[in-house]
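A.B. asks: Here's a structure for you.
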Amino acid sequence: MNVKLQIVIESEPGGLPIIQEVAQFERAGLQPATLGLALSEAKSILQSVQQALVEQQVSGYLAQQAVCQDCGEQRVCKDRRGIVYRSLFGKLNLQGSRLLHCACQAHSTKSFSPLSELLPERSSPELLYLESKFASLMSYGLSVQLLAELLPIGASLNAASVRQNLHQVALQLEAELGEEQSVFIEGCPDEWAKLPRPELPLTVGIDGGYVHSSEQTSRQDGWFEVIVGKSIPASGNSKVFGFVQTVEQKPKRRLFEVMQSQGMQMNQQVTFLSDGGESVRELQLYLNPNAEHLLDWFHITMRLTVMQQMSKGLESAQGELKAGAVAALEHIKWNLWHGKVSRALQWIEDLAVDLDTAETDEKQRKLSKQVQEFEVYIHRNRAFIVNYGERYRYGEVISSAFVESTVNQVVSKRMVKKQQMRWSKKEAHLLLQIRSKVLNAELQPAFRRWYAGFAVEEVEPVLAA
Ligand SMILES: [Zn+2]
């Protein structure tokens, strides 16, 4: 069997069609692998169709541009120059032309290139979209392999250009983010009362993660912190966000926009749960008048559990001290669970003194250090410590264990500090932006906003590795 494929293009209805052969292949002896098209044939057909279609589109456009749009005079062609344009279906060498402006109107330049002006970016929007999307979910190298294996994308695609395109898309997203404000609460209680009845509370968990740094100058700064969070409405889809603390210029704006996109109203209750870190404490303030801020119970118990284990490991020779420490930690936990911060702090201080003054060994010194750090931690976060026991009885949220998985979801595995690959802060920040948009199913809508006629289907976001 001999198969020929032709493309028929009718530039104008009723006009003479242009017919071009785009592929030819043979088939003999039916086998599973020879039934229908092979991937290589499909790629080659796509590429040929793309080439033929684009040539016609471009020549039609240039013919239109060859005439002055104001007076209809023919424009003078100064020279021909090609541009290279990369699309999902092949790298295209487009023949453009440089035209002299018509004298009927004043122009700031003598000449212009219609095609270069039409295509300021040298990659098609769909290519930019898929490159950024995949590169936010897997390595640049794998993204190239995947796209090149399935599409006639050409050998010209490489990890460096995918990375560059991802940055370009991320910067475009960043440019859309509004100005930073210290306060995002708008209106007054009277106005809030007139708002429609809000949805049930919005829960926002904020946590930190660590990324392996390429800007390392000593052993200590081998990593840097990223802030990651998830906003969960009572109904509807959760959204994630993330940024690199030292790069981010508009942390509050970023978080506010996430909540806003979920329909947050000023009369709606918002519960913020955080790990109590220095960097996230300020972030959550002044975003909503009905906000409550909680130190995440999960993070308190994690620290307590570590100290409890250490106290049980004290030498039996320090029997009294050991028993005292174990009991004190129980009291501390009970008081914190019931929101009795002053009482808890008293117990912590006493324990710190006991551990510090008694005869010490290595294990005791380590526990002593932990207890002192815990004292500082509780002091700094005392405003965010609530009566967890009561909230728990009322079925209210007290812990954002869900954020732990968010950290793993938003901070790609290839970024974490154990991995070989190192990241600059700027690059990690830009990657986090694309990745959050992909996980929130917001990247495709952004492309639709930027490019009229952009029509890539929305695919449900996947849990990324
Ligand atoms: Zn003219």
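Heads up: the sequence shown at position 207 corresponds to 216 in our numbering, and the numbers run straight through without jumps.
Where is the CB? At the ideal position from N, CA and C, for every residue including glycine.
Computed from a predicted structure; not experimentally measured.
Under 6 Å: does the beta carbon of CYS86 sit that close to some heavy atom of ligand 1?
C.D. replies: If you number the sequence shown from 1, residue 86 lands on position 77. Outside the cutoff, so no.
A.B. asks: Could you have a look at ASN174 and say whether DSSP puts it in helix, strand or coil?
C.D. replies: As a working note, residue 174 is residue 165 in the sequence shown. Three-state DSSP puts ASN174 in a helix.
A.B. asks: Quick one: complete alpha helix (DSSP H) runs, 4+ long, within the region 268-305?
C.D. replies: 287-292
A.B. asks: Below 7 Å between beta carbons: does that hold for TRP306 and ALA337?
C.D. replies: In the sequence shown, counting from the first residue as 1, residue 306 sits at position 297. In the sequence shown, counting from the first residue as 1, residue 337 sits at position 328. Result no, Cβ atoms of TRP306 and ALA337 do not sit closer than 7 Å.
A.B. asks: Mind checking whether VAL235 and GLY218 have CB atoms under 7 Å apart?
C.D. replies: For the purposes of this step, residue 235 is identified with residue 226 of the sequence shown, where counting begins at 1. For the purposes of this step, residue 218 is identified with residue 209 of the sequence shown, where counting begins at 1. Yes; because the gap between Cβ atoms is below 7 Å, this pair is in contact.
A.B. asks: Excluding the 5 residues flanking ASN390 on each side, which residues of the same chain have their C-beta closer than 7 Å to its C-beta?
C.D. replies: Numbered from its first residue, the sequence shown carries residue 390 at position 381. Counting only Cβ-Cβ distances below 7 Å, and skipping sequence neighbours, we find GLY285, LEU304.
A.B. asks: May I have a chain-ordered list of the alpha helix (DSSP H) segments no shorter than 4 residues that lie completely inside the region 55-82?
C.D. replies: DSSP runs (the alpha helix (DSSP H)) wholly in the region 55-82: none.
A.B. asks: Would you say the region 52-65 touches the region 93-106, given that touching needs at least three Cβ pairs under 8 Å?
C.D. replies: The region 52-65 and the region 93-106 touch, with no fewer than 3 CB-CB distances between them shorter than 8 Å.
A.B. asks: With LEU488 and LYS52 assumed to form a contact (beta carbons below 8 Å), what rounded beta-carbon distance in angstroms separates them?
C.D. replies: Shown here, the chain extends from 10 to 474; a query on residue 488 therefore has no answer.
A.B. asks: How many Å lie between ASP199 and PRO298 at the Cα?
C.D. replies: The sequence position of residue 199 within the sequence shown is 190, counting from 1. The sequence position of residue 298 within the sequence shown is 289, counting from 1. Linking ASP199 to PRO298 through their CA atoms gives a straight-line distance of about 12 Å.
A.B. asks: Among VAL350, VAL12, MET147, which one has its Cα closest to the Cα of VAL31?
C.D. replies: Looking up residue 31 in the sequence shown gives position 22. When VAL350, VAL12, MET147 are compared, the shortest CA-CA separation from VAL31 is found for VAL12.
A.B. asks: Would you say VAL420 faces chain D, with C-beta separation under 7 Å as the test?
C.D. replies: The structure shown contains no chain D; it holds only a single protein chain.
A.B. asks: Just to confirm my understanding: we take ARG107, look at its own chain, exclude 5 residues before and 5 after, and list those with CB closer than 8 Å. What are they?
C.D. replies: For the purposes of this step, residue 107 is identified with residue 98 of the sequence shown, where counting begins at 1. Within the same chain, ARG107 has close Cβ partners CYS86, LYS87, ASP88, ARG89, ARG90, SER120, PHE121, SER122.
A.B. asks: Along the chain, where does the alpha helix (DSSP H) that runs through TRP232 open and close?
C.D. replies: Here the question's residue 232 lines up with position 223 in the sequence shown. It is not in any alpha helix (DSSP H) - TRP232 instead sits in the beta strand (DSSP E) that spans 232-241.
A.B. asks: Is it buried or exposed for THR212, if we count other Cβ within 10 angstroms and need 16 for buried?
C.D. replies: Sequence index remark: in the sequence shown, residue 212 carries index 203 (1-based). THR212 should be labelled buried.
A.B. asks: Please tell me whether VAL419 and VAL249 are closer than 7 Å, where the distance is taken between their beta carbons.
C.D. replies: Within the sequence shown, the letter at position 410 stands for residue 419. Within the sequence shown, the letter at position 240 stands for residue 249. The answer is yes: Cβ separation under 7 Å.
A.B. asks: If you measure from the CB of PRO82, is any heavy atom of ligand 1 nearer than 6 Å?
C.D. replies: For this step, residue 82 is matched to residue 73 along the sequence shown. Checking the sequence shown, residue 82 turns out to be Glu, not Pro. Indeed, a heavy atom of ligand 1 lies less than 6 Å from the Cβ.
A.B. asks: Out of curiosity, what's the CA-to-CA distance linking GLY163 and MET147?
C.D. replies: In the sequence shown, the residue the question calls residue 163 occupies position 154. In the sequence shown, the residue the question calls residue 147 occupies position 138. Straight-line Cα distance between these residues: approximately 20 Å.
A.B. asks: Assuming GLN190 and ARG262 make a contact with CB atoms under 8 Å, what is their CB distance in whole Å?
C.D. replies: Residue mapping note: residue 190 aligns to position 181 of the sequence shown, counting from 1. Residue mapping note: residue 262 aligns to position 253 of the sequence shown, counting from 1. Right, the Cβ-Cβ distance comes to about 7 Å (below 8 Å), so this counts as a contact.
A.B. asks: Quick check: LYS446 and VAL256, are their CB atoms within less than 7 Å of each other?
C.D. replies: What you label residue 446 is simply residue 437 of the sequence shown in a count that begins at 1. What you label residue 256 is simply residue 247 of the sequence shown in a count that begins at 1. Taking a C-beta distance under 7 Å as the contact criterion, LYS446 and VAL256 do not qualify as a contact pair.
A.B. asks: By the DSSP assignment, the alpha helix (DSSP H) with ARG457 in it spans what residues?
C.D. replies: By 1-based counting over the sequence shown, the position of residue 457 is 448. ARG457 -> alpha helix (DSSP H) spans 452-459.
A.B. asks: When we look at the beta-carbon of GLY238 and count the other beta-carbons within 10 Å, is it buried (16 or more) or exposed?
C.D. replies: Numbered from 1 along the sequence shown, position 229 holds the residue referred to as residue 238. By the 10 Å Cβ count, GLY238 comes out buried.
A.B. asks: Considering only their Cβ atoms, is the gap separating VAL67 from ASP216 smaller than 7 Å?
C.D. replies: Here residue 216 corresponds to residue number 207 of the sequence shown, with the count starting at 1. Here residue 67 corresponds to residue number 58 of the sequence shown, with the count starting at 1. No, they are not a contact pair.
A.B. asks: Under 6 Å from any heavy atom of ligand 1, does the C-beta of CYS113 make it?
C.D. replies: Translated into the one-based positions of the sequence shown, residue 113 becomes position 104. Yes, Cβ of CYS113 sits closer than 6 Å to a heavy atom of ligand 1.
A.B. asks: For PRO26, count neighbouring Cβ atoms within 10 angstroms of its own Cβ and tell me buried if that reaches 16, exposed if not.
C.D. replies: To locate residue 26, count along the sequence shown from 1; it is residue 17. Result: exposed.
A.B. asks: Where TRP459 and SER141 are concerned, what is the direct C-alpha to C-alpha distance, given to the nearest angstrom?
C.D. replies: Sequence index remark: in the sequence shown, residue 459 carries index 450 (1-based). Sequence index remark: in the sequence shown, residue 141 carries index 132 (1-based). Spanning the two alpha carbons is a distance of roughly 15 Å.
A.B. asks: Confirm, please, whether the CB-CB distance from PHE265 to LEU313 is below 7 Å.
C.D. replies: Walking along the sequence shown from the start, residue 313 turns up at place 304. Walking along the sequence shown from the start, residue 265 turns up at place 256. No, the pair does not count as a contact, with Cβ atoms beyond the cut-off.
A.B. asks: Cβ atoms of LEU323 and LYS372: under 7 Å apart, would you say?
C.D. replies: The residue given as residue 372 occupies position 363 in the sequence shown. The residue given as residue 323 occupies position 314 in the sequence shown. It is a contact, given that the beta carbons lie within the stated cut-off.
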